[in-house]
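Peer 1: Got a structure for you, written out below as structure tokens; questions coming shortly.
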Amino acid sequence: MSQNEKTNWPLWEVFIQSKPGLSHKHVGSIHAADAQSAIENARDVYTRRSEGTSIWVVPANAISASSPDDEGEFFEPANDKVYRHPTFYNIPKGVKYL
Amino acid sequence: MDENILLENFQKKVDAEIKVEPKDWMPEKYRKTLIRQISQHAHSEVVGMLPEANWLTRAPSLRRKMILLAKIQDEAGHGLYLYSSAETLGADRQDLIEELLSGKAKYSSIFNYPTLTWADIGAVGWLVDGAAIMNQVMLTRASYGPYARAMVRICKEESFHQRQGFEIVANLANGTPEQKEMAQDALNRWWWPSLMMFGPTDDNSPNSALSMKWKIKRKSNDELRQDFIDRTVQQAEAIGLTVPDKDLKWNEEKGHYDFGTINWDEFFEVIKGNGPCNQERLSARQEAYNKGSWVREAAKAYAAKKQVSKAA
Chain W
1 MSQNEKTNWP
11 LWEVFIQSKP
21 GLSHKHVGSI
31 HAADAQSAIE
41 NARDVYTRRS
51 EGTSIWVVPA
61 NAISASSPDD
71 EGEFFEPAND
81 KVYRHPTFYN
91 IPKGVKYL
Chain D
99 MDENILLENF
109 QKKVDAEIKV
119 EPKDWMPEKY
129 RKTLIRQISQ
139 HAHSEVVGML
149 PEANWLTRAP
159 SLRRKMILLA
169 KIQDEAGHGL
179 YLYSSAETLG
189 ADRQDLIEEL
199 LSGKAKYSSI
209 FNYPTLTWAD
219 IGAVGWLVDG
229 AAIMNQVMLT
239 RASYGPYARA
249 MVRICKEESF
259 HQRQGFEIVA
269 NLANGTPEQK
279 EMAQDALNRW
289 WWPSLMMFGP
299 TDDNSPNSAL
309 SMKWKIKRKS
319 NDELRQDFID
329 RTVQQAEAIG
339 LTVPDKDLKW
349 NEEKGHYDFG
359 TINWDEFFEV
369 IKGNGPCNQE
379 RLSARQEAYN
389 KGSWVREAAK
399 AYAAKKQVSK
409 AA
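If you read the sequences in order, they're chains W and D. In terms of the working numbering, the numbers along the first sequence are unbroken and rise by one, the last being 98. In terms of the working numbering, the numbers along the second sequence are unbroken and rise by one, the last being 410.
Structure follows, in structure tokens:
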């Protein structure tokens, strides 16, 4: 832990929805004393050209993530299940709307 | 896992153009190189606000003033995108800022030159941002994901900076003889320092090879410099200004301009801290930081107070 922690504002991860109807997408992070000022700082830093219609901020230390070291095994269960994709199935010629 | 195997896998991944992300294994040297490069880049954006701020109150019209304010705000934003990406590598924001304030960290030497006239604001946008764009477009393809993504955002915004600068210079160049002279004078003073922005020549740039191997960089200093010259000469000609280099000549065979020798002694002197404005820039940053301390403390106190009243 850094000796400077007392002077650093906490870190927030910033997610922005670019248009109504779309998902919020991670754009970067911001330091701010509290959630409200994090949202305002995020607006000034990440949406100066109308890039957003909504902002989420999440304390960076509240995010849990999968580990890149286990990526292979972790996602392996999905790799051999081609039958989950529509292209797996044979459809007789001439059949439409399927 | 064995360090050599990790290193080999890392290189395979970089060669396959798969981005490196914060939690992935990476060589310590890759991490350190990136923290140094990204934080220097961030510091440059922040210090870069100062030469421009010099003309804010004297911008010749409200239109120019609003544009300049927006541009300066963008530079602050660029600094923040970059600090944020350096932090994903484990750097501490406060440490980085303290390194800048203490004079330990470097920033682009170009910002140690003064903006003497309004035409300099044009030249900064046209040449300095123009040179930065050459570098930054390359960096949108850097192997480190968060850096590359920050660069994409920055590049989108930089092209406005360059065009507004060129517009200022073009207007002056088409104005009265005095205005044209002012534009030419700005070009004369900013041309060579802008070429120095790409860094030492390739045979004098020891860290470049590794950065290229790890795809942090994809073009050498000399290649980027040549690209910049090839593009910019035509822009100067279009507005009737003369690039201040008597050796500048189109080389049909190479398909590039030949150009004169850069004064590298000047470059290394400025880097060492002996440029015209090094001291001024550093004290301006220190003063701004110190004067802002009450804001940082007040915001923290307010956040703590709200936390308490929420709990009650």
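Quick reminder that beta carbons are idealized off the backbone N, C-alpha and C, glycines included.
(1) Does the structure place the segment 124-144 of chain D close enough to the segment 195-206 of chain D that three or more beta carbon pairs sit under 8 Å?
(2) With DSSP collapsed to three states, give me the class of Lys93(W).
(3) With 8 Å set as the bound, which would you pick, yes or no: does the beta-carbon of Glu119(D) sit closer than that to a beta-carbon of chain W?
(4) If we define contact as Cβ-Cβ less than 8 Å, is Tyr211(D) a contact residue for chain W?
(5) So Leu11(W) is in the beta strand (DSSP E); what residue range does that whole segment cover?
(6) Taking the alpha-carbon positions, what's the Glu367(D) to Val144(D) distance?
(7) Please report how far the alpha carbon of Arg48(W) lies from the alpha carbon of Asp172(D), in whole angstroms.
(8) Which whole-angstrom value describes the C-beta separation of Ile252(D) and Met294(D), a residue pair presumed to lie in contact below a C-beta threshold of 8 Å?
(9) Taking the straight line between their C-alpha atoms, what separation do you get for Ala174(D) and Met147(D)?
(10) Among Ala217(D), Trp312(D), Asn102(D) and Lys317(D), which one has its Cα closest to the Cα of Ala268(D)?
(11) Which term fits Ser2(W), buried or exposed, when burial requires 16 or more other beta carbons within 10 angstroms of its beta carbon?
(12) Does DSSP put Trp123(D) in a helix, a strand or coil?
(13) Is the CB-CB distance between Ser306(D) and Val118(D) below 8 Å?
(14) Between the Cα of Ala65(W) and those of Asp122(D), Arg129(D), Lys408(D) and Lys163(D), spot the shortest distance and give me the residue it belongs to.
(15) Across which residues does DSSP place His354(D) in a beta bridge pair?
(16) Determine, using beta carbons only, whether Leu346(D) and Val331(D) come nearer to each other than 8 Å.
(17) What would DSSP say about Ile30(W), mapped onto helix, strand or coil?
(18) Starting from the beta carbon of Asp411(D), find every residue of chain W whose beta carbon is closer than 8 Å, and list them in chain order.
(19) If distances are taken between C-alpha atoms only, which option among Gly373(D), Phe357(D), Glu335(D) and Ser183(D) comes closest to Asp343(D)?
(20) Leaving out five residues on either side along the sequence, give the residues of the same chain with a beta carbon under 7 Å from the beta carbon of Asn41(W).
(21) In three-state DSSP terms, what is Tyr205(D)?
(22) In this structure, how does DSSP classify Ile337(D) when only helix, strand and coil are distinguished?
(23) For Val45(W) and chain D, any beta-carbon pair shorter than 8 Å?
(24) To be precise: take each residue of the segment 175-186 of chain D, compare its Cβ to all Cβ atoms of chain W, and keep it if any distance is under 9 Å. Which residues remain?
(25) Consult DSSP for Ser292(D) and reduce its assignment to one of helix, strand or coil.
(26) Between Ile327(D) and Arg379(D), what straight-line distance do the alpha-carbon atoms span, to the nearest angstrom?
(27) Using three-state DSSP, classify Ile314(D) as helix, strand or coil.
(28) Name the chain W residues that come within less than 8 Å of Asp172(D), Cβ to Cβ?
(29) Any idea which residues DSSP pairs Ile55(W) with across the strands?
(30) Give the range of the alpha helix (DSSP H) segment to which Asp227(D) is assigned.
(31) Pull out every residue of the segment 397-410 of chain D whose Cβ sits closer than 9 Å to any Cβ of chain C, in chain order.
(32) Judging by CA-CA distance, which residue of Leu322(D), Lys111(D), Gly177(D) and Glu255(D) is the nearest neighbour of His354(D)?
Peer 2: The structure says:
(1) Result yes; three or more Cβ-Cβ pairs closer than 8 Å.
(2) For this step, residue 93(W) is matched to residue 93 along the first sequence. In this structure, Lys93(W) counts as coil in the three-state DSSP scheme.
(3) Residue 119(D) sits at position 21 when you count from the first residue of the second sequence. Yes, its Cβ sits closer than 8 Å to a Cβ of chain W.
(4) Counting from one through the second sequence, the residue named residue 211(D) turns up at place 113. For Tyr211(D), not one C-beta of chain W is nearer than 8 Å to its own C-beta.
(5) Position 11 of the first sequence holds residue 11(W). Its beta strand (DSSP E) spans residues Leu11 to Gln17.
(6) Translated into the one-based positions of the second sequence, residue 367(D) becomes position 269. Translated into the one-based positions of the second sequence, residue 144(D) becomes position 46. When rounded, the distance between both Cα atoms is 21 Å.
(7) Here residue 48(W) corresponds to residue number 48 of the first sequence, with the count starting at 1. Here residue 172(D) corresponds to residue number 74 of the second sequence, with the count starting at 1. Taking the straight line joining both Cα atoms gives about 8 Å.
(8) Along the second sequence, read from residue 1 onward, the residue named residue 252(D) stands at position 154. Along the second sequence, read from residue 1 onward, the residue named residue 294(D) stands at position 196. No, Ile252(D) and Met294(D) are not in contact; Cβ-Cβ is about 21 Å, not under 8 Å.
(9) The residue you call residue 174(D) lines up with position 76 of the second sequence. The residue you call residue 147(D) lines up with position 49 of the second sequence. Rounded to the nearest whole angstrom, the CA to CA distance from Ala174(D) to Met147(D) is 7 Å.
(10) Taking the second sequence and counting its residues from 1, one reaches residue 268(D) at position 170. Selected option, being the one with the closest Cα: Ala217(D).
(11) Position 2 of the first sequence holds residue 2(W). In this prediction, Ser2(W) has a pLDDT of 43, which is less than 50 and means its spatial position is unreliable; nothing more can be read from the coordinates.
(12) Position 25 of the second sequence, counted from the start, is the residue given in the question as residue 123(D). Coil.
(13) Stepping through the second sequence from its first residue, residue 306(D) is reached at position 208. Stepping through the second sequence from its first residue, residue 118(D) is reached at position 20. The answer is no: Cβ separation not under 8 Å.
(14) By 1-based counting over the first sequence, the position of residue 65(W) is 65. Taking only the C-alpha atoms, the option nearest Ala65(W) is Asp122(D).
(15) Position 256 of the second sequence, counted from the first residue, corresponds to residue 354(D). Answer is Asn349(D), bridged to His354(D).
(16) Taking the first residue of the second sequence as 1, we reach residue 346(D) at position 248. Taking the first residue of the second sequence as 1, we reach residue 331(D) at position 233. Contact flag set, yes.
(17) If you number the first sequence from 1, residue 30(W) lands on position 30. Strand, per DSSP.
(18) Residue 411(D) lies beyond the stretch modelled for chain D, which goes from 99 to 410, so this question has no answer here.
(19) Numbered from 1 along the second sequence, position 245 holds the residue referred to as residue 343(D). Among Gly373(D), Phe357(D), Glu335(D) and Ser183(D), the Cα nearest to that of Asp343(D) is on Phe357(D).
(20) Looking up residue 41(W) in the first sequence gives position 41. Ile30 and Ala32.
(21) Position 107 of the second sequence holds residue 205(D). When DSSP states are grouped into helix, strand and coil, Tyr205(D) belongs to the coil group.
(22) Sequence index remark: in the second sequence, residue 337(D) carries index 239 (1-based). Ile337(D) falls in the coil class under three-state DSSP.
(23) Your numbering for residue 45(W) matches position 45 in the first sequence. Yes, because at least one Cβ of chain D sits closer than 8 Å to the Cβ of Val45(W).
(24) Going along the segment 175-186 of chain D in chain order, one finds Gly175, Leu178, Tyr179, Tyr181, Ser182, Ser183, Glu185 and Thr186 with a Cβ nearer than 9 Å to chain W.
(25) Reading the second sequence from its first residue, position 194 is the one you call residue 292(D). Assignment of Ser292(D) by DSSP, reduced to helix, strand and coil, places it in the helix class.
(26) As a first step, residue 327(D) is located in the second sequence; it is residue number 229 there, counting from the start. As a first step, residue 379(D) is located in the second sequence; it is residue number 281 there, counting from the start. Going by the C-alpha atoms only, they are around 28 Å apart.
(27) Taking the second sequence and counting its residues from 1, one reaches residue 314(D) at position 216. Reduced to three states, the DSSP call for Ile314(D) is coil.
(28) Along the second sequence, one-based indexing puts residue 172(D) at 74. At a C-beta separation below 8 Å, Asp172(D) has these neighbours in chain W: Arg48.
(29) As a first step, residue 55(W) must be located in the first sequence, where it is residue number 55. According to DSSP, Ile55(W) bridges with Ile16(W).
(30) Position 129 of the second sequence, counted from the first residue, corresponds to residue 227(D). Asp227 to Leu237 is the extent of the alpha helix (DSSP H) around Asp227(D).
(31) Given the protein chain composition of this structure (W and D), no chain C is represented.
(32) For this step, residue 354(D) is matched to residue 256 along the second sequence. When only C-alpha atoms are compared, the closest one is Leu322(D).
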